[in-house]
Amino acid sequence: MLDVNPDSVCFLIEKAREFQAKEAVVIPEEPFSPSDDWALQVLADHQDDLSYQEARAVIEDLEEGQQVEVVALMWLGRGDYEESEWEIVLEEAKAAWTPRTADYLLATPLVADYLREGLDLLGYGCD
1 MLDVNPDSVC
11 FLIEKAREFQ
21 AKEAVVIPEE
31 PFSPSDDWAL
41 QVLADHQDDL
51 SYQEARAVIE
61 DLEEGQQVEV
71 VALMWLGRGD
81 YEESEWEIVL
91 EEAKAAWTPR
101 TADYLLATPL
111 VADYLREGLD
121 LLGYGCD
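For the sequence shown, the UniProt record's numbering assigns the number 1 to the initial residue and increments by one for each residue that follows.
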């Protein structure tokens, strides 16, 4: 059912947990400029973090269709869709794909939990 290797997703889950478990970044209540985006601030503050770099590399090494599946897994695990709607969530994720998929995934709080739940719902697991 999955084109993306579940082991790659499990590695991503591990690295995302390590990255997101670190001390939270303090985000100012007032952005420095109107174009500031909180997610970009969070990611920019962690550019030198090895776990972040490894997670980002895993995502960027995936083909576009595989990145789409990872986003779909996250949405499924987050409860946005039911398991029976897998084909629908894939189409939605494909329509929403951008070259910034790694930024999107890594800026999502609880992404590791969502990916794990998505894998579990589809009958895959991490050992």
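Cβ atoms here follow ideal geometry from the backbone N, Cα and C, with glycine treated the same way. Since the structure is predicted, the reported quantities are computational estimates derived from the model, not experimental observations.
Which of helix, strand or coil does DSSP assign to residue i?
i	result
glutamate 85	helix
threonine 101	helix
valine 4	coil
aspartate 48	coil
cysteine 126	coil
isoleucine 13	helix
glycine 77	helix
alanine 107	coil
Rank the options by C-alpha distance to the C-alpha of residue i and give the top, closest one.
i	options	result
residue 143	Trp97, Glu117, Lys94, Leu12	Because the chain in this structure spans residues 1 to 127, residue 143 falls outside the shown range and cannot be described.
glutamate 83	Asp3, Pro99, Glu117, Tyr104	Glu117
leucine 122	Ala72, Asp49, Ala112, Ile59	Ala72
phenylalanine 54	Trp86, Glu14, Glu64	Here residue 54 is glutamate; the residue named in the question, phenylalanine, does not match the sequence. Nearest of Trp86, Glu14, Glu64 to glutamate 54, Cα basis: Glu14.
tyrosine 81	Tyr114, Arg100, Val4	Tyr114
glutamate 96	Leu110, Gln67, Thr108	For the record, residue 96 in the displayed sequence is alanine; it is not glutamate. Nearest option by C-alpha distance: Gln67.
In the DSSP assignment, the alpha helix (DSSP H) including residue i goes from what residue to what residue?
i	result
glutamate 117	111-121
glutamate 63	Premise fails: glutamate 63 is in no alpha helix (DSSP H) and is neither H nor E.
Using the Cα positions of residue i and residue j, report the straight-line distance between them to the nearest angstrom.
i	j	result
serine 35	leucine 90	With a pLDDT of only 49 at serine 35, under the threshold of 50, the placement of this residue in the model should not be trusted, and no figure is reported.
valine 70	glutamate 63	11 Å
leucine 105	phenylalanine 19	12 Å
methionine 74	tyrosine 52	18 Å
arginine 78	aspartate 61	24 Å
glutamate 85	aspartate 127	26 Å
glutamate 87	aspartate 48	37 Å
glutamate 92	leucine 50	31 Å
threonine 108	threonine 101	11 Å
valine 58	aspartate 120	20 Å
proline 6	alanine 21	22 Å
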